[in-house]
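I have placed the structure first, in the form of structure tokens, so that the comments after it can refer back to it.
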Amino acid sequence: MCVNTMKSVGAPEATYRMWTEDPDAFSTQRITRMRHNFHEHPLFQVPELVKLGMELSKLDLCRFMNPNRTVASTLANDSKHPDGRSIEEFFERMEEPGSSVAFYHIEAIPRYQALLTSAVNSMRSFVEREQSKIFRVNGFVFFSAPPSVTPFHIDRENNFWLQLHGHKTLNVWDHRDRTIVAADAVEDFIVTQSLGKVRFNEAFLPRGLEFDAQPGDAIYFPSTAPHMTRSKADRTGPGDRLSISIGVTFYTAATREVARIHQVNRLMRKCGMSPSYPGESPAADPVKSAIGGFVGAGRARLGAARARFISMTSGRPFNYKPPPGSF
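Numbering (the working numbering), first residue to last: -17 to 309.
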């Protein structure tokens, strides 16, 4: 097992990792409460994270959240602060209630790429006994001064969610529960990135799990598991007015196979059919996966050709990238 270590002159070596109290019971298909000590890592202290945010802002990888959103809002963000303040001013006032910013793709900064890899490596052996070929490890850091929320949504990747600073409530639901997010909504998201059919309902709350997380707490949840977060003002105090968490996300050969099945299922549904959900038909899944690879690759080629045509006819650059992990 590979873990991140750091050693200074005259000091003992520090080891940073994620772990679960019952490793034998860990499954990539199940929401799991975990622990970690990355909140003690020097690169995850607030001054270093502010420095990271400044670097990422130059790469257009900081996204601000509207303070008026609710858990039922559409998941949306902007590269500009709602009131126009600069990233420097945001950090000067980051403890003001409702302040919120997300750092996207922190792996773009080499020292954090290495840190994310070490985090996943601390659980790699447990993941790969079920899902081989981990790839595309990404990191997303969420700064918020309560009250703040991340709306209800789903992601393509498997997710290790770690609380680094302050408190936050995470609600998460079983990715196999079609009463929470319907099959066609998952298919639309995987293939087109649309969350238009992923909608929160208060009636969902009893069907999910709720975690009151503080530094050192972590939760694993599978690809497409619905989730949302809330940070509450009544959990803050002097010197502790920030909630900071990180999502360490990754794809595997299994998540790619499921995405390929969703490609085919979406086409079948458009033809009036009711296809079996991934995992429900061991006989059909491999066939769908093989076909889905070609379908996804074809969509990517058509998208790239369309982008070139638009660029040629408009004289403006137009880039196309298929949704990551979509085929």
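Note that beta-carbon positions come from the ideal geometry of N, C-alpha and C, so glycine has one too. In this text the structure is predicted, and so the values were computed from the model without any measurement.
Let me check understanding here. Comparing Cα to Cα, which of K62, H147 and M16 lies closest to P29? Taking the first residue of the sequence shown as position 1, residue 29 is located at position 47. With distances taken between Cα atoms, P29 lies closest to H147.
Could you tell me if S(-10) is buried or exposed, where buried requires 16 or more neighbouring beta carbons within 10 angstroms of its beta carbon? Position 8 of the sequence shown, counted from the first residue, corresponds to residue -10. Since pLDDT at S(-10) reaches only 41, below the 50 mark, its modelled position is unreliable, and the value read off the structure follows with that caveat. The residue is exposed, with fewer than 16 neighbouring Cβ atoms inside 10 Å.
CA-to-CA distance, A286 to D199, given in whole angstroms: To locate residue 199, count along the sequence shown from 1; it is residue 217. To locate residue 286, count along the sequence shown from 1; it is residue 304. Looking at the backbone, the Cα of D199 and that of A286 are separated by about 42 Å.
Sufficient close CB pairs (3 or more, under 8 Å) joining the stretch 148 to 164 to the stretch 173 to 191: With contact defined as three or more Cβ pairs closer than 8 Å, the stretch 148 to 164 and the stretch 173 to 191 are in contact.
Use the C-beta contact count for F72: other C-beta atoms within 10 angstroms, 16 or more gives buried, fewer gives exposed. Taking the sequence shown and counting its residues from 1, one reaches residue 72 at position 90. Buried: at least 16 other Cβ atoms inside 10 Å.
Take V246 as the anchor and find which of E169, P204 and S205 has the nearest alpha-carbon. Position 264 of the sequence shown, counted from the start, is the residue given in the question as residue 246. Nearest to V246 by alpha-carbon distance, out of E169, P204 and S205, is E169.
What would DSSP say about N141, mapped onto helix, strand or coil? By 1-based counting over the sequence shown, the position of residue 141 is 159. In the three-state scheme derived from DSSP, where H, G and I count as helix and E and B as strand, N141 is classed as strand.
Backbone secondary structure at E78 - three-state DSSP: In the sequence shown, counting from the first residue as 1, residue 78 sits at position 96. If DSSP states are grouped into helix, strand and coil, E78 belongs with coil.
Suppose you measure from the CA of P49 to the CA of S81; what does that come to, to the nearest Å? Along the sequence shown, one-based indexing puts residue 49 at 67. Along the sequence shown, one-based indexing puts residue 81 at 99. Straight-line Cα distance between these residues: approximately 7 Å.
Distance between beta carbons of A127 and M76, contact taken as under 8 Å: Mapped onto the sequence shown, residue 76 falls at position 94. Mapped onto the sequence shown, residue 127 falls at position 145. Sure, about 6 Å apart at Cβ, within 8 Å.
Option in F26, I91, F142 and V109 with minimal Cα separation from H209: As a first step, residue 209 must be located in the sequence shown, where it is residue number 227. Out of F26, I91, F142 and V109, F142 has the C-alpha closest to the C-alpha of H209.
Expressed to the nearest angstrom, what Euclidean distance is found between the alpha-carbon atoms of A(-7) and I91? By 1-based counting over the sequence shown, the position of residue -7 is 11. By 1-based counting over the sequence shown, the position of residue 91 is 109. Note that A(-7) scores 44 on pLDDT, short of 50, meaning its location in the model is unreliable and no value can be drawn from it.
Burial state of T234 (16 or more Cβ within 10 Å): Reading the sequence shown from its first residue, position 252 is the one you call residue 234. Buried, because 16 or more other Cβ atoms sit within 10 Å of the Cβ of T234.
To which residues of the same chain is G274 closer than 6 Å at the C-beta, ignoring the five residues directly before and after it? Here the question's residue 274 lines up with position 292 in the sequence shown. Taken in chain order, the residues that qualify are R242, I243, Q245 and V246.
State the start and end residues of the unbroken beta strand (DSSP E) segment that holds V246. In the sequence shown, the residue the question calls residue 246 occupies position 264. Unbroken run through V246 is the alpha helix (DSSP H), A235 to K252; no beta strand (DSSP E).
Three or more C-beta pairs under 8 Å: does that hold for the stretch 94 to 105 against the stretch 20 to 35? The answer is yes - the stretch 20 to 35 touches the stretch 94 to 105, with three or more Cβ pairs under 8 Å.
Between the CA atoms of S68 and S205 - distance to the nearest angstrom: As a first step, residue 205 is located in the sequence shown; it is residue number 223 there, counting from the start. As a first step, residue 68 is located in the sequence shown; it is residue number 86 there, counting from the start. S205 and S68: Cα-Cα distance of roughly 34 Å.
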